[in-house]
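Here my numbering = 1-based position in the sequence shown + 26.
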Amino acid sequence: MANLLVIAEHDGGQLKQVTLSAVAFAQRVIAQTGGSFGILVIGENVAGTADQLRQYGAAAVLVAEHAQLKHPISDRYARVIADVATQHRATFVVGTASTFSKDILPRAAALLDAGMLSDVIEVRPDGDDFIFKRVMFAGNVIATAKLDGVVRFLTVRAAAFTHSTKASESSPVASIPVEADRLPAFIEYEGREAKVAGRPDPTEARVVVSGGRALKNAEDFERLIGGLADALGGAAGSSRALVDAGITPNSLQVGQTGKIVAPDLYIAVGISGAIQHLAGMKDTKVIVAINKDADAPIFEVADYGLVGDAYQVVPELVEKLKK
Ligand SMILES: Cc1cc2nc3c(=O)[nH]c(=O)nc-3n(C[C@H](O)[C@H](O)[C@H](O)COP(=O)(O)OP(=O)(O)OC[C@H]3O[C@@H](n4cnc5c(N)ncnc54)[C@H](O)[C@@H]3O)c2cc1C
Numbered sequence: 027m028a029n030l031l032v033i034a035e036h037d038g039g040q041l042k043q044v045t046l047s048a049v050a051f052a053q054r055v056i057a058q059t060g061g062s063f064g065i066l067v068i069g070e071n072v073a074g075t076a077d078q079l080r081q082y083g084a085a086a087v088l089v090a091e092h093a094q095l096k097h098p099i100s101d102r103y104a105r106v107i108a109d110v111a112t113q114h115r116a117t118f119v120v121g122t123a124s125t126f127s128k129d130i131l132p133r134a135a136a137l138l139d140a141g142m143l144s145d146v147i148e149v150r151p152d153g154d155d156f157i158f159k160r161v162m163f164a165g166n167v168i169a170t171a172k173l174d175g176v177v178r179f180l181t182v183r184a185a186a187f188t189h190s191t192k193a194s195e196s197s198p199v200a201s202i203p204v205e206a207d208r209l210p211a212f213i214e215y216e217g218r219e220a221k222v223a224g225r226p227d228p229t230e231a232r233v234v235v236s237g238g239r240a241l242k243n244a245e246d247f248e249r250l251i252g253g254l255a256d257a258l259g260g261a262a263g264s265s266r267a268l269v270d271a272g273i274t275p276n277s278l279q280v281g282q283t284g285k286i287v288a289p290d291l292y293i294a295v296g297i298s299g300a301i302q303h304l305a306g307m308k309d310t311k312v313i314v315a316i317n318k319d320a321d322a323p324i325f326e327v328a329d330y331g332l333v334g335d336a337y338q339v340v341p342e343l344v345e346k347l348k349k
């Protein structure tokens with residue numbers, strides 16, 4: 027029977043909603059074949075995060091707290107995950123496909139000599155085992171795969187597992203003793219420079235407004251894309267063309283080599299719809315494209331399209347939304 031360990035993601039104690047996709051995955055596996063799942067929260071002062079995760083039917087919410095785990099330093103977190111997976115005889119360790127998971131889960135899998143599948147979008151039982159579907163090559167290939175081993179590692183695409191359900195009873199919280207001398211000290215945390223954007227992260231937001239090469243400079247991006255995002259209470263995103271041009275920061279890039287987003291609404295402004303960009307947003311529920319070229323490929327994936335000059339239509343849209 028499956029015994030899953032879900033790895034929670036948080037930012038300084040603030041639970042990241044993408045965690046709930048890994049929870050939804052675990053719930054689906056349990057519903058198919060029985061078994062149970064635990065949720066592991068690693069960090070310092072993360073009792074609040076653990077508390078929020080008690081409502082999803084986990085057998086336990088496990089908390090590994092230590093001053094040395096305050097920041098998500100990959101080799102330390104990997105050590106903790108590997109140890110907890112072993113102690114709890116986890117058959118699967120699951121995280122949401124994200125920068126955090128990409129950094130940490132393969133290291134934990136390597137510590138246990140375990141196999142790993144990333145970007146899983148489907149799971150179905152196969153006798154005592156499971157068959158997974160995963161996205162490869164920017165979404166152009168869907169691979170069907172099985173994993174061998176006592177413990178197996180997975181990351182799941184947030185857009186594929188959206189419905190985590192709440193349980194009637196709260197899960198117990200259990201503290202995991204952390205042996206500080208077992209934590210590697212090869213990587214030292216120096217500091218973090220985070221831009222105070224005032225807007226949500228594109229991976230967390232229900233609405234994402236992204237701008238492309240049509241935007242000529244950072245001021246125009248902020249006025250048009252930032253303005254529309256603010257009017258809708260959403261996040262701003264960007265194509266790689268603007269990142270490469272130094273107009274937008276890397277953290278806003280959506281696509282194959284950027285962030286994978288799956289909001290309720292994605293508005294692509296002056297973005298042509300290159301396959302590498304689509305790889306990051308095509309699981310969106312509703313896609314709106316604004317482009318002055320009626321033949322732009324983005325219109326092929328858009329649910330709604332507006333042919334027009336972004337510099338004209340976006341301010342009009344913002345004006346109307348404000349009213
Ligand atoms: C290995 C690899 C990885 C990549 N990863 C990514 C990635 O993660 N994310 C990503 O985005 N790209 C990625 N790319 C780059 C990708 O191939 C495209 O070059 C890029 O997405 C193009 O960005 P764009 O649509 O903004 O620009 P363009 O393709 O130049 O399109 C600009 C669009 O704006 C329209 N336009 C121009 N002016 C206006 C106006 N005034 N009003 C309205 N519309 C207007 C044009 O009609 C055009 O359709 C990657 C490429 C490679 C090779």
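By construction, the Cβ of each residue, glycine as well, lies at the ideal position given by its N, Cα and C atoms. Fair warning: this is a prediction, and the values are worked out from it, not measured in the lab.
- Contact between the segment 185 to 200 and the segment 45 to 64 is established, with three or more Cβ pairs separated by less than 8 Å.
- Scanning A257, Q78, A288 for the CA closest to the CA of P341 turns up A257.
- In this structure, the straight-line span from the alpha carbon of E216 to that of H97 is close to 10 Å.
- Taking the C-beta atoms as reference points, Q282 is found nearer than 8 Å to A305.
- By the 16-neighbour rule on beta-carbons within 10 angstroms, S197 is buried.
- In this structure, D101 lies away from I251, with their beta-carbon atoms at least 8 Å apart.
- Beta-bridge annotation (DSSP): E91 is paired with G69.
- Judged by their CB atoms, V89 and V167 are not nearer to each other than the 8 Å cut-off.
- Between the beta-carbon of D335 and that of K318 there is about 5 Å, and that keeps the pair under the 8 Å contact cut.
- Taken in chain order, the unbroken stretches of beta strand (DSSP E) that lie wholly in the segment 93 to 178 and span 3 residues or more are 118 to 122, 141 to 152, 155 to 162, 167 to 171.
- Taking a cut-off of 5 Å from the heavy atoms of ligand 1, the residues with a C-beta inside it are G238, R239, A240, S265, R266, A267, G281, Q282, T283, G284, G296, I297, S298, A300, Q302, H303, N317, K318, D319, A322, D335, A336.
- Sorting P323, D290, H303, A322 by C-alpha distance to the C-alpha of T310 places D290 at the top.
- As summarised for the segment 242 to 309, the continuous beta strand (DSSP E) elements at least 3 residues long and confined to that stretch are 261 to 264, 291 to 295, given in chain order.
- Sorting Q338, I99, A294 by C-alpha distance to the C-alpha of L131 places I99 at the top.
- Of the residues A108, G296, A57, the one whose Cα lies closest to the Cα of V339 is G296.
- Cβ-Cβ distances below 7 Å link P228 to V234, A261, G263, L278, V280, K285, V287 in the same chain, with the five nearest sequence neighbours on each side left out; the list follows chain order.
- The continuous stretches of alpha helix (DSSP H) do not include S197, and DSSP gives it neither H nor E.
- When only Cα atoms are considered, A206 and D129 end up about 21 Å apart.
- The closest CA to that of S201, considering only V67, N276, A28, is found on V67.
- Rounded to whole angstroms, A134 and N276 show a C-alpha spacing of 27 Å.
- The segment 304 to 348 is shown to contain whole beta strand (DSSP E) runs of 3 or more residues at 312 to 317, 330 to 333, in chain order.
- DSSP places A220 outside both helix and strand once states are collapsed to three, so it counts as coil.
- DSSP, read as helix, strand or coil, puts S236 in strand.
- Boundaries of the beta strand (DSSP E) around L31: 28 to 33.
- In chain order, A288, D309 place their CB closer than 6 Å to the CB of A185, counting only its own chain and leaving out the 5 sequence neighbours on each side.
- The C-alpha of L268 is placed about 40 Å away from the C-alpha of L30.
- In the three-state scheme derived from DSSP, where H, G and I count as helix and E and B as strand, D207 is classed as helix.
- Assigned with DSSP and collapsed to three states, D227 falls in coil, not helix or strand.
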